[in-house]
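Peer 1: First to last, the sequence lines map onto chains A and B. Under numbering that gives the first Met the number 0, the residues of the first sequence are numbered 0 to 142, in order. Under numbering that gives the first Met the number 0, the residues of the second sequence are numbered 0 to 156, in order. Backbone N, C-alpha and C fix where the C-beta goes; we use that ideal spot for every residue, glycine too. Before I ask anything, here is the structure I am working with.
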Amino acid sequence: MPQLTILILVLCAGMGLSVEAGLLGPLGEQVGHLSATLSIFLVGALLLSLAMVFVARPSISILFNQPRWLLTGGLLGPVYVVVLTVTTPLVGVGMTMVGILCGQVAASLVIDHFGWLGSERRAVDSYRVGALVLILAALWLIY
Amino acid sequence: MLLTLMYPLLLLGGAVLAAQSSVNGRLGSTVGVLTSAWLTFSMGAVVTFLLVFFFEPHHEATLFSVPKWQLTGALFGVIYMLAIVFAIPRVGTAAATVAVISGQMLMSLMIDHFGWLGNARLPLDGPRIMAIILLASALCLIYMSNTRRERLVACSS
Numbered sequence: 000m001p002q003l004t005i006l007i008l009v010l011c012a013g014m015g016l017s018v019e020a021g022l023l024g025p026l027g028e029q030v031g032h033l034s035a036t037l038s039i040f041l042v043g044a045l046l047l048s049l050a051m052v053f054v055a056r057p058s059i060s061i062l063f064n065q066p067r068w069l070l071t072g073g074l075l076g077p078v079y080v081v082v083l084t085v086t087t088p089l090v091g092v093g094m095t096m097v098g099i100l101c102g103q104v105a106a107s108l109v110i111d112h113f114g115w116l117g118s119e120r121r122a123v124d125s126y127r128v129g130a131l132v133l134i135l136a137a138l139w140l141i142y
Numbered sequence: 000m001l002l003t004l005m006y007p008l009l010l011l012g013g014a015v016l017a018a019q020s021s022v023n024g025r026l027g028s029t030v031g032v033l034t035s036a037w038l039t040f041s042m043g044a045v046v047t048f049l050l051v052f053f054f055e056p057h058h059e060a061t062l063f064s065v066p067k068w069q070l071t072g073a074l075f076g077v078i079y080m081l082a083i084v085f086a087i088p089r090v091g092t093a094a095a096t097v098a099v100i101s102g103q104m105l106m107s108l109m110i111d112h113f114g115w116l117g118n119a120r121l122p123l124d125g126p127r128i129m130a131i132i133l134l135a136s137a138l139c140l141i142y143m144s145n146t147r148r149e150r151l152v153a154c155s156s
């Protein structure tokens, strides 16, 4: 699949993520933010469990042959949620989003640059620095 | 004092998201997109269940009493996770992250503009349109960085 198609696909998935956040905010106000997050993970896990049943060869056995650090993805998501619940009341939603997004973009450039976490190396070049600057400017304009 | 501690914490929260995507992408390339997403959601459910059990203050409403449409956010979360696990081994963490963020911002600006999902209307103004243009340009730059790298790799091999 060409790169551009993949990027557009991911962009659409990101749009869905905003809808999720739009639903999650008011839900969290009513039932608590941890419970709201639980609903996302629980419903998601159950739907994917159903999907796994109908996959030709779900690779659960291969899963536990992997190095353990590769299985920690699910532990990191809740860390983010906890950070969000702790900081939002203290610094406000706008600042929270800016901080999170800056951390996210910066870390993604660093991970690519050094080829950390088993990813392919993609060195920081002038294009990538330019992209970082544009994103910071966009954040500044919105918040 | 407490406030200055918040900023590194926020950056850490963002960095953790990028790390999570990267780890999941790596796992997905060996065990498959669906299995990787399944593990992430299952582990996330286990951890948040424990957090809710021990740390959630009492609320009048519960997940069982709110209108069901409020619980449909997970659908978008699942689609996102599948897309990101598929994309990361192919385009890299930075490109995928920038694409996700652009999509998120585009949609949240649209939600604000039209007042969807019961939000107050915040019409698109000059700075917000400018922000969309900047985000699109950022995505273009990452794309150019990737394609240039592919050309270099193709030449050297």
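(1) Is B/L121 close to the ligand COA? I mean its beta-carbon at under 7 Å from any heavy atom of the ligand.
(2) I'd like to know if the stretch 128–137 of chain A and the stretch 74–91 of chain A are in contact, where contact means that at least 3 CB-CB pairs between them fall below 8 Å.
(3) Taking 8 Å as the threshold, find out whether the stretch 74–81 of chain B comes into contact with the stretch 105–120 of chain A through three or more Cβ pairs.
(4) Report the CB separation of A/L75 from B/Q103 in whole angstroms; it is logged as a contact under 8 Å.
(5) Using CA coordinates, which residue listed in B/A130, B/V65 and B/A94 is at the minimum distance from A/S34?
(6) Just reading off the alpha helix (DSSP H) that B/N23 is part of, what are its end residues?
(7) Identify whether B/H58 lies in helix, strand or coil by the three-state DSSP scheme.
(8) Can you say whether B/P122 is buried or exposed, counting buried as having 16 or more other CB atoms within 10 angstroms of its CB?
(9) Shorter than 8 Å from the beta carbon of A/A104 to some beta carbon of chain B?
(10) Are the beta-carbon atoms belonging to A/Q103 and B/N145 less than 8 Å from one another?
(11) Could you have a look at A/G13 and say whether DSSP puts it in helix, strand or coil?
(12) Tell me the rounded alpha-carbon separation between B/S107 and B/P126.
(13) Would the beta-carbon of B/G12 fall within 8 Å of that of A/I39?
(14) Using only CA atoms, which one of B/A60, B/S41, B/E59 and B/C139 lies nearest to A/I59?
(15) Okay, do the stretch 47–54 of chain A and the stretch 47–67 of chain B touch, 3+ Cβ pairs below 8 Å being the bar?
(16) What residue range does the alpha helix (DSSP H) around A/L144 cover?
(17) Give the interface partners of A/F40 over in chain B, defined as CB-CB distance under 9 Å, in chain order.
(18) Any idea what DSSP makes of A/F63, helix, strand or coil?
(19) Any contact of the stretch 133–152 of chain B with the stretch 89–104 of chain B, i.e. 3+ C-beta pairs under 8 Å?
(20) Return the residues of the stretch 58–78 of chain A that lie within a Cβ-Cβ distance of less than 8 Å from chain B, sorted by chain order.
(21) So, does the CB of A/G91 fall closer than 8 Å to a CB anywhere in chain B?
(22) Look at the alpha carbon of A/V42 and the alpha carbon of A/A12, and state the distance between them as a whole number of angstroms.
(23) Measure the Cβ-Cβ separation of B/Y101 and B/L140 and say whether it is below 8 Å.
(24) Would you mind sorting B/I83 into buried or exposed? The rule is 16 or more other CB atoms within 10 Å of its CB.
(25) Determine, using beta carbons only, whether B/M151 comes closer than 8 Å to chain A.
(26) Beta-carbon of B/A17 versus every beta-carbon of chain A: anything under 8 Å?
(27) Quick check: B/I131 and A/S17, are their CB atoms within less than 8 Å of each other?
(28) Can you list, in chain order, the residues of the stretch 96–108 of chain B whose Cβ is nearer than 9 Å to any Cβ on chain A?
(29) Nearest to A/I5 by CA position, among B/I87, B/T34, B/L8 and B/S136, is which residue?
(30) What did DSSP end up calling A/E144 once you bin it into helix, strand or coil?
Peer 2: Let me spell this out:
(1) With respect to the ligand COA, the structure shown offers nothing to examine, as it has no ligands at all.
(2) no
(3) no
(4) Taking the first residue of the first sequence as position 1, residue 75 of chain A is located at position 76. Taking the first residue of the second sequence as position 1, residue 103 of chain B is located at position 104. The pair is not a contact, with the Cβ atoms about 18 Å apart (cut-off 8 Å).
(5) Mapped onto the first sequence, residue 34 of chain A falls at position 35. Here the closest residue by C-alpha is B/V65.
(6) In the second sequence, the residue the question calls residue 23 of chain B occupies position 24. Run containing B/N23: L1 to V30, per the alpha helix (DSSP H) assignment.
(7) Here residue 58 of chain B refers to the residue found at position 59 when the second sequence is read from its first residue. Correct three-state label for B/H58: coil.
(8) If you number the second sequence from 1, residue 122 of chain B lands on position 123. It is exposed - the Cβ of B/P122 has fewer than 16 other Cβ atoms within 10 Å.
(9) On the first sequence, residue 104 of chain A is found 105 positions in, with the first residue counted as 1. First, the amino acid is wrong: residue 104 of chain A is Val here, not Ala. At least one chain B Cβ lies under 8 Å of A/V104.
(10) Taking the first residue of the first sequence as 1, we reach residue 103 of chain A at position 104. Taking the first residue of the second sequence as 1, we reach residue 145 of chain B at position 146. Taking 8 Å as the Cβ cut-off, A/Q103 and B/N145 do not qualify as a contacting pair.
(11) Translated into the one-based positions of the first sequence, residue 13 of chain A becomes position 14. Looking at A/G13 - three-state DSSP - the assignment turns out to be helix.
(12) As a first step, residue 107 of chain B is located in the second sequence; it is residue number 108 there, counting from the start. As a first step, residue 126 of chain B is located in the second sequence; it is residue number 127 there, counting from the start. Computed Cα separation, rounded: 15 Å.
(13) The residue labelled residue 12 of chain B in the question sits at position 13 within the second sequence. The residue labelled residue 39 of chain A in the question sits at position 40 within the first sequence. For B/G12 and A/I39, no; Cβs fall outside 8 Å.
(14) For this step, residue 59 of chain A is matched to residue 60 along the first sequence. Per the Cα distances, B/S41.
(15) no
(16) The structure shown does not extend to residue 144 of chain A, since chain A is modelled only from 0 to 142, so the question has no answer here.
(17) Residue 40 of chain A sits at position 41 when you count from the first residue of the first sequence. Per Cβ cutoff of 9 Å: T39, F40, S41, M42, G43, A44, V45, V46, T47, F48, A73 and G76.
(18) For the purposes of this step, residue 63 of chain A is taken as residue 64 along the first sequence, with counting starting at 1. Correct three-state label for A/F63: coil.
(19) yes
(20) S58, I59, I61, L62, Q65, W68, L69, L70, T71, G72, G73, L74, L75, G76, P77 and V78
(21) Locating residue 91 of chain A in the first sequence gives position 92, counting from the first residue. False, the Cβ-Cβ gap to chain B never drops below 8 Å.
(22) For the purposes of this step, residue 42 of chain A is taken as residue 43 along the first sequence, with counting starting at 1. For the purposes of this step, residue 12 of chain A is taken as residue 13 along the first sequence, with counting starting at 1. Near 18 Å, if we compare the C-alpha coordinates of A/A12 and A/V42.
(23) Position 102 of the second sequence, counted from the start, is the residue given in the question as residue 101 of chain B. Position 141 of the second sequence, counted from the start, is the residue given in the question as residue 140 of chain B. A quick correction: the sequence has Ser, not Tyr, at residue 101 of chain B. No.
(24) Translated into the one-based positions of the second sequence, residue 83 of chain B becomes position 84. The residue in question, B/I83, is buried, as its Cβ has 16 or more Cβ neighbours within 10 Å.
(25) Counting from 1 along the second sequence, the entry for residue 151 of chain B is found at position 152. Rather than Met, the amino acid found at residue 151 of chain B in this sequence is Leu. No, B/L151 does not count as interfacial toward chain A.
(26) On the second sequence, residue 17 of chain B is found 18 positions in, with the first residue counted as 1. It does; some Cβ of chain A falls within 8 Å.
(27) Your numbering for residue 131 of chain B matches position 132 in the second sequence. Your numbering for residue 17 of chain A matches position 18 in the first sequence. Not in contact: B/I131 and A/S17 (Cβ atoms no closer than 8 Å).
(28) T96, V97, A98, V99, I100, S101, G102, Q103, M104, L105, M106, S107 and L108
(29) As a working note, residue 5 of chain A is residue 6 in the first sequence. Out of B/I87, B/T34, B/L8 and B/S136, B/I87 has the C-alpha closest to the C-alpha of A/I5.
(30) The question about residue 144 of chain A has no answer here: the residues shown for chain A are numbered 0 through 142.
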